[in-house]
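Protein chains: 2
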Amino acid sequence: MTKSVDVARMAGVSRSTVSRTLNGSPHVSPDARERVLAAVARMEYKPDIVARSLVRQQSRTIALGLFSEAEDQALTALSHPQRYFYVELLTSIEGRTVTAGYDLVLPAHRSSDTNRPADYLHGLRARRVAGALMVALDVADPRVQVLLDAALPVVFVDAMIQGAHATYIKSDNIDGARQAMDHLLHLGHRSIAILCGPPQSLTGGERLLGYQQAFARWGIQHDPNLVRPTAHFEIEEAYEATRALLATRRDVTAIVAVSDMMGIGVLRAAYEHGLRVPDDLSVVGFDDIDLAAYTTPPLTSVRQDRAALGQGAVDRLIAMIDGVSEALPLIVPTQLIVRKSTAPPPAAGR
Amino acid sequence: MTKSVDVARMAGVSRSTVSRTLNGSPHVSPDARERVLAAVARMEYKPDIVARSLVRQQSRTIALGLFSEAEDQALTALSHPQRYFYVELLTSIEGRTVTAGYDLVLPAHRSSDTNRPADYLHGLRARRVAGALMVALDVADPRVQVLLDAALPVVFVDAMIQGAHATYIKSDNIDGARQAMDHLLHLGHRSIAILCGPPQSLTGGERLLGYQQAFARWGIQHDPNLVRPTAHFEIEEAYEATRALLATRRDVTAIVAVSDMMGIGVLRAAYEHGLRVPDDLSVVGFDDIDLAAYTTPPLTSVRQDRAALGQGAVDRLIAMIDGVSEALPLIVPTQLIVRKSTAPPPAAGR
DNA sequence: CTGAAAGCGCTTACAG
DNA sequence: CTGAAAGCGCTTACAG
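One line per chain: the protein sequences are X and P, in this order.
Under the numbering used here, the first residue of the first sequence carries the number 1, and numbering increases by one thereafter.
Under the numbering used here, the first residue of the second sequence carries the number 1001, and numbering increases by one thereafter.
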């Protein structure tokens, strides 16, 4: 590897001048700058990122933290199907991070480190990360408090956690659910069920809220028995919940699932129950993962703007790192994508 | 942040001894070792990873490289549905890397860097990565040659590329396709079509080979017209190919798709064509992504052992980094998972 | 504008 | 076994 002293020699200047040129210092004569740049190009010199990080006491690196589960590994949790949305979100995060000139690092740690949150933070500091992006962390996650107390810039994605150096970005779930409900109500549905996921979850809770608000706004009394929580956001749970629902409630003409994967479970239960979607039953999913366009029938879904979420998270974090932005939350609009799984309710009832 | 000099002071030894203790040198007296360890624990000392990397001229970091597409970003390509398998594979890679004590880094780069492969390599060197894991790279990818010429340990995942310091790991695709075919042939199918993906692709090609070999072994003449390539591994292409196939070939009773996502496209086409799966038509997918268990009906699929693939890749790479292993390829067995999408062919034909 | 020097926090021969 | 010293490759006040 060529190093700065080699470049300096070739350009006939000192290492200081090489460094200044590369770091955009105004105190370099045009002549020197030109010679340095020529030498850099000739020798294909790239500054040693490790050495630079050491002296600057900061690396151009952003740590990625995921989820709250008792899993040892970050991405591991993604293997559950209901996590495909987050995968697609990571895609957007990764793209933005990398083109912004930051490395994205998944820090090594022993499983004990996430249990001992101080160790987790130490791990980040030892790596000199410039900031951290924490995706879908539960508020009760032990890492949260230690992160909030630290001076490290943090953006929580899909959570609502704030601090002096920490903020969050998330989709407008309430409005998304409202759009879905307006769509169904306009089509003429009145007996609309919702599979709302775990009662304590933020996204499930907000989407349920939008559901309830829509009824209120339309002046329609809604049946609390049509609100069906599930333990997680699993396909299988949605499938079971739908079976139970369809078995007892013949009046239901539409089901809102708070994720697309759950929507897939609903579709399967409907299919097995002998109901045609959308003729007999309308189904709305949430997230609009890529797969939603390919279910049978293609799923009407509330789109979370992954590009905006990912880019927003990264840009806000980098702005905080650079000190040009406050730690302010960002709420990203959602949009209903109407496909083939919704239609007016059957005239004769089911 | 506490540093080694603080620990040294508290333990009443020199920084050298602190370092030796932490790095497992045998030349430390039990007494000194104990005092150092106590001080480390008390002060929650973690060695600065950046400084350590600089002096060791190597970081405990593994770079992750993905795909060959003209995409600027690595994970970006994953947003296509057919890439869910790789996502699940990454999960396994990440878990193993992180618990092995290595950071996984997605290196920042300008898009030009992948076009100028020398720059890409320089980027890795500048980060002092210990090795690289390249997933699903096309042999023609410009980075391949420069990586092969470098002394950097590299493991190619799902590719067949070797060099002095480079090797690969992949699934036994041929045998997987053979298992799928044996299953169908045993059930009594004879007119079996295959959607084999792009003609030049390694995985598609190998799976096609297994398909052909099975016919040969059973002594059955197979109809080359039932081999249907698609431009990529897209759901939509499989859907279209199946429509075309079903429209003209009423004799076909089983379809093998070389990915689960393509299998989903087949299921949809069959459904729209009014065919019941598996009564009228059997369908086999490939990869066994998590979703395969949740299609309608659940998809029989050839499982790629993601855990073995991911762990094998990481372990082999680390062994190469540590100099305890040669650059030898690894072929991971596949296994047919029989679910509900396969059954004997209809007695009366379709 | 420019260079010599100090320093980032570690590790590792080198003496002892 | 142990410590003082040198060095990893940069950047950045400090003089000039």
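Glycine included, each C-beta is placed from N, C-alpha and C at the ideal position.
Does the region 313-326 of chain X come into contact with the region 93-106 of chain X, if we say contact requires no fewer than three beta-carbon pairs (one atom in each stretch) closer than 8 Å? yes
Any chance you could list the alpha helix (DSSP H) runs of at least 4 consecutive residues sitting entirely within the region 204-286 of chain X, in chain order? 235-248 and 260-272
Could you tell me the alpha carbon to alpha carbon distance between threonine 342(X) and aspartate 251(X), rounded to whole angstroms? Mapped onto the first sequence, residue 342(X) falls at position 342. Mapped onto the first sequence, residue 251(X) falls at position 251. Their Cα atoms are separated by approximately 16 Å.
Please identify, using Cβ separations under 8 Å, the residues of the region 1033-1048 of chain P that lie next to chain X, in order along the chain. Glu1044, Lys1046, Pro1047 and Asp1048
For arginine 127(X), I'd like the list of residues in its chain whose CB is within less than 8 Å of its CB, leaving aside the five on either flank, ordered along the chain. The residue you call residue 127(X) lines up with position 127 of the first sequence. Excluding sequence neighbours, arginine 127(X) sits near Ser59, Thr61, Ala63, Val105 and Pro107.
Per DSSP, cross-strand counterpart(s) of glutamine 1103(P): As a working mapping, residue 1103(P) is identified with position 103 in the second sequence. First, the amino acid is wrong: residue 1103(P) is aspartate here, not glutamine. Answer is Thr1061(P).
By the DSSP assignment, the alpha helix (DSSP H) with methionine 10(X) in it spans what residues? The count along the first sequence starts at 1 and reaches residue 10(X) at position 10. 4-11 is the span of the alpha helix (DSSP H), which, as asked, contains methionine 10(X).
Between alanine 166(X) and valine 154(X), which are expected to be in contact by the criterion C-beta below 8 Å, what is the C-beta distance as a whole number of angstroms? Sequence index remark: in the first sequence, residue 166(X) carries index 166 (1-based). Sequence index remark: in the first sequence, residue 154(X) carries index 154 (1-based). Going by Cβ atoms, the distance from alanine 166(X) to valine 154(X) rounds to 4 Å, so yes, they are a contact pair.
Is it right to say valine 5(X) is buried, meaning 16 or more other beta carbons lie within 10 angstroms of its own, or is it exposed? As a position in the first sequence, residue 5(X) is number 5, starting the count at 1. Exposed, since its Cβ has fewer than 16 Cβ neighbours within 10 Å.
How would you list, in chain order, the residues of chain P whose beta-carbon sits under 7 Å from the beta-carbon of proline 107(X)? What you label residue 107(X) is simply residue 107 of the first sequence in a count that begins at 1. In chain order: Asp1103.
Inspect the CB distances between the region 1007-1018 of chain P and the region 301-321 of chain X and report whether three or more fall short of 8 Å. no
Could you pull the start and end residues of the alpha helix (DSSP H) that valine 50(X) belongs to? On the first sequence, residue 50(X) is found 50 positions in, with the first residue counted as 1. 49-56 is the extent of the alpha helix (DSSP H) around valine 50(X).
To the nearest whole angstrom, what separates the beta carbons of alanine 1032(P) and threonine 1017(P), a pair I think is in contact under 8 Å? Position 32 of the second sequence, counting from 1, holds the residue named residue 1032(P). Position 17 of the second sequence, counting from 1, holds the residue named residue 1017(P). Contact holds; Cβ gap of about 5 Å.
So, helix, strand or coil for serine 79(X), using DSSP? Residue 79(X) sits at position 79 when you count from the first residue of the first sequence. Here serine 79(X) scores only 48 on pLDDT, less than 50, and its place in the model should not be relied on; the value that follows carries that caveat. In the structure shown, serine 79(X) sits in a helix (DSSP, three-state: H, G or I).
As assigned by DSSP and simplified to three states, the class of arginine 1116(P): What you label residue 1116(P) is simply residue 116 of the second sequence in a count that begins at 1. Here arginine 1116(P) sits in coil by DSSP.
Looking only at DSSP bridge pairs, what is methionine 1160(P) linked to? Within the second sequence, numbered from 1, the residue matching residue 1160(P) stands at position 160. Methionine 1160(P) pairs with nothing; no bridge assigned.
In its own chain, which residues sit with a C-beta less than 7 Å from the C-beta of leucine 1245(P), not counting the 5 before and 5 after it? Counted from its first residue, the second sequence places residue 1245(P) at position 245. Counting only Cβ-Cβ distances below 7 Å, and skipping sequence neighbours, we find Ala1193, Arg1228 and Val1252.
Would you kindly report the start and end of the unbroken beta strand (DSSP E) that includes serine 1301(P)? For the purposes of this step, residue 1301(P) is taken as residue 301 along the second sequence, with counting starting at 1. Taken as a continuous stretch (DSSP letters only), the beta strand (DSSP E) holding serine 1301(P) covers 1300-1304.
Are the Cβ atoms of alanine 150(X) and leucine 121(X) separated by less than 9 Å? Here residue 150(X) corresponds to residue number 150 of the first sequence, with the count starting at 1. Here residue 121(X) corresponds to residue number 121 of the first sequence, with the count starting at 1. Going by C-beta atoms, alanine 150(X) is nearer than 9 Å to leucine 121(X).
For the beta strand (DSSP E) that isoleucine 174(X) lies in, which residues bound it at each end? Position 174 of the first sequence, counted from the first residue, corresponds to residue 174(X). Segment 173-187 is the alpha helix (DSSP H) holding isoleucine 174(X); no beta strand (DSSP E) there.
Are the beta-carbon atoms of phenylalanine 233(X) and proline 199(X) separated by less than 9 Å? Taking the first sequence and counting its residues from 1, one reaches residue 233(X) at position 233. Taking the first sequence and counting its residues from 1, one reaches residue 199(X) at position 199. No, the pair does not count as a contact, with Cβ atoms beyond the cut-off.
Using the rule of at least 16 other Cβ atoms within 10 Å of the residue's Cβ for burial, across every protein chain shown, is glycine 1204(P) buried or exposed? As a position in the second sequence, residue 1204(P) is number 204, starting the count at 1. The residue in question, glycine 1204(P), is buried, as its Cβ has 16 or more Cβ neighbours within 10 Å.
Beta carbons nearer than 7 Å to chain X: which residues of the region 1291-1304 of chain P have them? Leu1291, Tyr1294 and Thr1296
Per the DSSP calculation, methionine 134(X) is bridged to which residue(s)? The count along the first sequence starts at 1 and reaches residue 134(X) at position 134. Answer is Gly65(X) and Phe156(X).
Boundaries (first-last residue) of the beta strand (DSSP E) holding valine 129(X): Here residue 129(X) is taken as the residue at index 129 of the first sequence, counted from 1. That residue, valine 129(X), is in no beta strand (DSSP E); it is neither H nor E in DSSP.
Interface residues of chain P around methionine 1(X) at Cβ under 9 Å? Looking up residue 1(X) in the first sequence gives position 1. In chain order: His1122, Arg1125 and Ala1126.
Does alanine 1051(P) get closer than 9 Å to chain X when you measure Cβ to Cβ? Taking the first residue of the second sequence as position 1, residue 1051(P) is located at position 51. At least one chain X Cβ lies under 9 Å of alanine 1051(P).
Tell me the rounded alpha-carbon separation between serine 29(X) and asparagine 23(X). Residue numbering aside, residue 29(X) sits at position 29 when the first sequence is read from its first letter. Residue numbering aside, residue 23(X) sits at position 23 when the first sequence is read from its first letter. Looking at the two C-alpha atoms, the distance is approximately 14 Å.
Is the CB-CB distance between leucine 1152(P) and alanine 1132(P) below 9 Å? Residue numbering aside, residue 1152(P) sits at position 152 when the second sequence is read from its first letter. Residue numbering aside, residue 1132(P) sits at position 132 when the second sequence is read from its first letter. In this structure, alanine 1132(P) lies closer than 9 Å to leucine 1152(P) by Cβ.
So who's on the other strand from glutamine 1335(P), going by DSSP bridges? Walking along the second sequence from the start, residue 1335(P) turns up at place 335. Bridge partners of glutamine 1335(P): Arg1303(P).
Between Arg56(X), Val266(X), Ala130(X) and Arg35(X), which has its C-alpha nearest cysteine 196(X)'s C-alpha? Reading the first sequence from its first residue, position 196 is the one you call residue 196(X). Nearest C-alpha to cysteine 196(X): Val266(X).
Would you kindly report the start and end of the unbroken beta strand (DSSP E) that includes leucine 1195(P)? By 1-based counting over the second sequence, the position of residue 1195(P) is 195. Segment 1192-1197, the beta strand (DSSP E) holding leucine 1195(P).
Taking DSSP's pairing of strands, which residues face alanine 166(X) in a bridge? For the purposes of this step, residue 166(X) is identified with residue 166 of the first sequence, where counting begins at 1. Per DSSP, Val154(X) and Gly163(X).
Interface flag, methionine 1261(P) vs chain X, CB-CB below 9 Å: Locating residue 1261(P) in the second sequence gives position 261, where the first residue counts as 1. Methionine 1261(P) counts as touching chain X.
Using a Cβ-Cβ distance cut-off of 9 Å, determine whether isoleucine 321(X) contacts chain P. Indexing the first sequence from 1 puts residue 321(X) at position 321. It does not: the Cβ of isoleucine 321(X) has no partner Cβ on chain P nearer than 9 Å.
Whole angstroms is fine: what's the gap from aspartate 1072(P)'s alpha carbon to threonine 295(X)'s? The residue given as residue 1072(P) occupies position 72 in the second sequence. The residue given as residue 295(X) occupies position 295 in the first sequence. Per-residue confidence for aspartate 1072(P) stands at a pLDDT of 44, beneath the threshold of 50, marking its modelled position as unreliable; the derived number appears in the next sentence. Using only the alpha carbons, I get a separation of about 29 Å.
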